[in-house]
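*Asks:* Got a structure for you, written out below as structure tokens; questions coming shortly.
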Amino acid sequence: MVESGRLTEAEMSVIFVNWRELIMCNTKLLKALRVRKKTAGERMPVQVIGDILSSELSHLQAYIRFCSCQLNAAALLQQKTDSSSEFKLFLKKIATNYRCKGMPLSSFLLKPMQRITRYPLLIRNILENTPAGHVDQVNLREALERAELLCSQVNEGVREKENSDRLEWLQNHVQCEGVIEHLVFNSLTNCLGPRKLLHSGRVWKAKSNKELWAFLFSDFLLFTYTSKQFSSNTDRPFSPKSNTVYKMYKTMPSDPSSEDPIFHISHIDRVYTLKAESINERTTWVQRIKAASEHFIETEKLKREKAYQGKSNPYCELSMGAQCYTSRPQNDTINPKWNFSCQFFIKDLYQDVLCITVFERDQFSPDDFLGRTEVPVATIKKDQDGKGPLTRRLLLHEVPTGEVRVRLDLQLYDQMSLL
């Protein structure tokens with residue numbers, strides 16, 4: 001569409017939003033299912049999928065951004081169709097492509113919302129057809145809870161359209177060169193749910209009087225300066241007509257007032273001294289930064305109660321049904337050595353599966369998938385055969401290369417098994 005000149009890059013971004021991210025997270029789900037099928041053996045039915053659904057539904061948060069932008073996409077598509085007969089004919093032509101099956105583009109844009117709402121229905125149907133006492137019952141119930149939570153988050157994202165629109169505006173108007181990872185403003189944070197814009201406004205560096213535009217999000221504070229100005233109205237960001245690009249830099253004359261609205265931000269070994277537009281604005285900044293900081297710290301604390309404390313980069317997640325352990329992330333390495341142990345209670349010696357998934361910890365977005373492998377408990381029992389602990393190198397699937405080295409020990413008792 002861009003090559004033909006019918007849509008600009010900006011219009012493509014409005015209509016398709018984060019379509020590539022939707023493809024990526026669904027590909028990850030498909031890869032997990034393929035690994036399960038591969039480990040089950042050819043022509044053998046898959047007995048357990050609830051653990052996969054429960055785990056992967058947590059990584060479908062890209063739908064929140066897409067669905068919250070759906071009204072804007074539909075409005076732009078309708079406006080282009082009504083104003084251009086050539087564009088209308090173009091849409092009719094691509095609908096005749098055999099891959100589209102006669103469906104218009106607008107129908108495909110509805111598919112993500114339809115898919116999300118079907119997950120709870122699908123999982124309920126699986127639960128109803130899973131015998132009571134089956135090993136997958138607990139996993140499926142947890143998967144159902146996560147599917148319903150995802151639907152709620154999508155609905156909340158649609159309701160919070162103003163916040164979503166402002167985050168999308170920032171995505172198109174703020175340049176973030178130098179950030180280690182690609183920052184998507186309208187996305188899921190690492191541990192605080194969907195990102196929210198809490199406050200924004202002008203501040204000045206107290207000593208140099210350099211003007212900055214500050215944007216306080218639920219998980220970080222961003223300072224910018226004006227890089228390119230195309231319009232005279234620069235006082236109010238988020239205007240649909242504004243073409244200003246922000247890196248934010250401007251020198252203001254000194255203010256002789258003795259009651260300067262100055263405040264300080266302390267971060268690690270540096271202190272930033274800033275000046276707000278007014279005393280009231282300074283108070284607002286201080287209160288909201290404090291509230292956001294306290295909320296982030298408390299959420300991070302609760303999250304780490306369930307995992308080892310770490311900062312970033314590779315870590316592994318081991319799960320068996322609802323039981324899950326997470327290793328400590330290793331910093332700046334492609335050959336991590338976690339060296340930690342965990343125990344799983346085995347409910348079904350012939351159905352339980354040990355799943356190992358490797359991720360990379362990201363600061364501003366959900367963690368990246370680095371590979372997955374599975375070991376049926378029955379295989380461990382067969383290979384061990386009373387010989388004591390086993391050491392195995394397991395190939396990571398659904399990635400070009402990679403493996404994990406594990407030490408496995410299966411202990412059988414009269415009433416239960418312990419791995």
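Using my numbering, you'd call the opening residue of the sequence shown number 1 and step up by one each time. The beta-carbon is built from N, C-alpha and C at its ideal position, and this holds for glycine as well. Computed from a predicted structure; not experimentally measured.
Cα separation between Met113 and Asp82?
*Replies:* The sequence position of residue 113 within the sequence shown is 113, counting from 1. The sequence position of residue 82 within the sequence shown is 82, counting from 1. Computed Cα separation, rounded: 25 angstroms.
*Asks:* According to DSSP, which residues form a beta bridge with Ile356?
*Replies:* As a position in the sequence shown, residue 356 is number 356, starting the count at 1. Answer by DSSP bridge pairing, in chain order: Leu318, Thr373.
*Asks:* Going by the CB atoms, is the gap between Ser200 and Ala292 shorter than 8 angstroms?
*Replies:* For the purposes of this step, residue 292 is identified with residue 292 of the sequence shown, where counting begins at 1. For the purposes of this step, residue 200 is identified with residue 200 of the sequence shown, where counting begins at 1. It is not a contact, given that the beta carbons lie outside the stated cut-off.
*Asks:* Who are the near neighbours of Phe90 in its chain, counting only those whose CB is closer than 7 angstroms to its CB and skipping five residues on each side?
*Replies:* Within the sequence shown, the letter at position 90 stands for residue 90. Answer for Phe90: Arg6, listed in chain order.
*Asks:* To test your reading of the DSSP string, which unbroken alpha helix (DSSP H) runs of 4 or more residues are found completely within the stretch 107-192?
*Replies:* Runs of the alpha helix (DSSP H) inside the stretch 107-192: 137-159, 161-173.
*Asks:* Checking the sheet assignment: what are the DSSP bridge partners for Gly386?
*Replies:* One-based indexing of the sequence shown puts residue 386 at position 386. Paired residues: none, contrary to the question.
*Asks:* Any idea what DSSP makes of Val286, helix, strand or coil?
*Replies:* On the sequence shown, position 286 is the one that residue 286 refers to. Three-state DSSP puts Val286 in a helix.
*Asks:* Assign Thr251 to buried or exposed, taking buried as 16 or more other Cβ atoms, counted over all protein chains shown, within 10 Å of its Cβ.
*Replies:* If you number the sequence shown from 1, residue 251 lands on position 251. With a pLDDT of 37 at Thr251, under the threshold of 50, the predicted position of this residue should be treated as unreliable, and no value is reported.
*Asks:* What is the rounded straight-line gap between the Cα of Ser227 and the Cα of His173?
*Replies:* Within the sequence shown, the letter at position 227 stands for residue 227. Within the sequence shown, the letter at position 173 stands for residue 173. C-alpha separation (whole angstroms): 10 angstroms.
*Asks:* Taking DSSP as the reference, what is the three-state secondary structure of Gln79?
*Replies:* Looking up residue 79 in the sequence shown gives position 79. Reduced to three states, the DSSP call for Gln79 is helix.
*Asks:* So what does DSSP say about Asn72, is it helix, strand or coil?
*Replies:* Within the sequence shown, numbered from 1, the residue matching residue 72 stands at position 72. Asn72: helix per DSSP, three-state reduction.
*Asks:* Exposed or buried, what is Asp383 when buried is set at 16 or more other beta-carbons lying within 10 Å of its beta-carbon?
*Replies:* The residue labelled residue 383 in the question sits at position 383 within the sequence shown. Classification for Asp383: exposed.
*Asks:* In terms of residue numbering, what span does the beta strand (DSSP E) encompassing Trp204 cover?
*Replies:* The sequence position of residue 204 within the sequence shown is 204, counting from 1. Segment 197-205, the beta strand (DSSP E) holding Trp204.
*Asks:* What did DSSP end up calling Leu60 once you bin it into helix, strand or coil?
*Replies:* Walking along the sequence shown from the start, residue 60 turns up at place 60. Coil.
*Asks:* Using a Cβ-Cβ cut-off of 6 angstroms (strictly less than) and excluding sequence neighbours within five positions of Phe223, which residues of its own chain qualify?
*Replies:* Numbered from 1 along the sequence shown, position 223 holds the residue referred to as residue 223. Cβ within range, chain order: Leu212, Ala214.
*Asks:* Would you list the residues sitting across from Glu403 in a DSSP beta bridge?
*Replies:* Translated into positions along the sequence shown, residue 403 becomes position 403. Looking at the DSSP assignment, Glu403 forms a beta bridge with Leu395.
*Asks:* With DSSP run on the structure shown, which of helix, strand or coil describes Glu211?
*Replies:* As a working mapping, residue 211 is identified with position 211 in the sequence shown. Note: Glu211 maps to strand in three-state DSSP.
*Asks:* Starting from Cys324, trace the alpha helix (DSSP H) in both directions and tell me its first and last residue.
*Replies:* Counted from its first residue, the sequence shown places residue 324 at position 324. Looking at the DSSP string, Cys324 is not in any alpha helix (DSSP H); the run it does join, the beta strand (DSSP E), is 323-326.
*Asks:* For the candidate residues Gln47, Val353, Thr373, Ser319, whose alpha-carbon lies nearest to that of Thr379?
*Replies:* As a first step, residue 379 is located in the sequence shown; it is residue number 379 there, counting from the start. Comparing Cα-Cα distances from Thr379 to each of Gln47, Val353, Thr373, Ser319, the minimum goes to Val353.
*Asks:* Can you check which of these residues, Asn186, Leu412, Arg407, Val158, is closest to Phe340 by C-alpha distance?
*Replies:* Position 340 of the sequence shown holds residue 340. Of Asn186, Leu412, Arg407, Val158, the residue nearest in Cα terms is Arg407.
*Asks:* Helix or strand or just coil, what does DSSP make of Leu89?
*Replies:* The residue given as residue 89 occupies position 89 in the sequence shown. Residue state, collapsed to three classes: helix.
*Asks:* How big is the Cα-Cα spacing for Val14 and Asn155?
*Replies:* The residue given as residue 14 occupies position 14 in the sequence shown. The residue given as residue 155 occupies position 155 in the sequence shown. Taking the straight line joining both Cα atoms gives about 19 angstroms.
*Asks:* Return yes when the Cβ of Ile356 is within less than 8 angstroms of the Cβ of Val377, no when it is not.
*Replies:* Counting from one through the sequence shown, the residue named residue 377 turns up at place 377. Counting from one through the sequence shown, the residue named residue 356 turns up at place 356. It is not a contact, given that the beta carbons lie outside the stated cut-off.
*Asks:* Can you tell me the Cα-Cα spacing of Leu109 and Tyr272, whole angstroms?
*Replies:* The residue given as residue 109 occupies position 109 in the sequence shown. The residue given as residue 272 occupies position 272 in the sequence shown. Cα-Cα distance, rounded: 45 angstroms.
*Asks:* Report the three-state DSSP secondary structure of Val14 (helix, strand or coil).
*Replies:* One-based indexing of the sequence shown puts residue 14 at position 14. Looking at Val14 - three-state DSSP - the assignment turns out to be helix.
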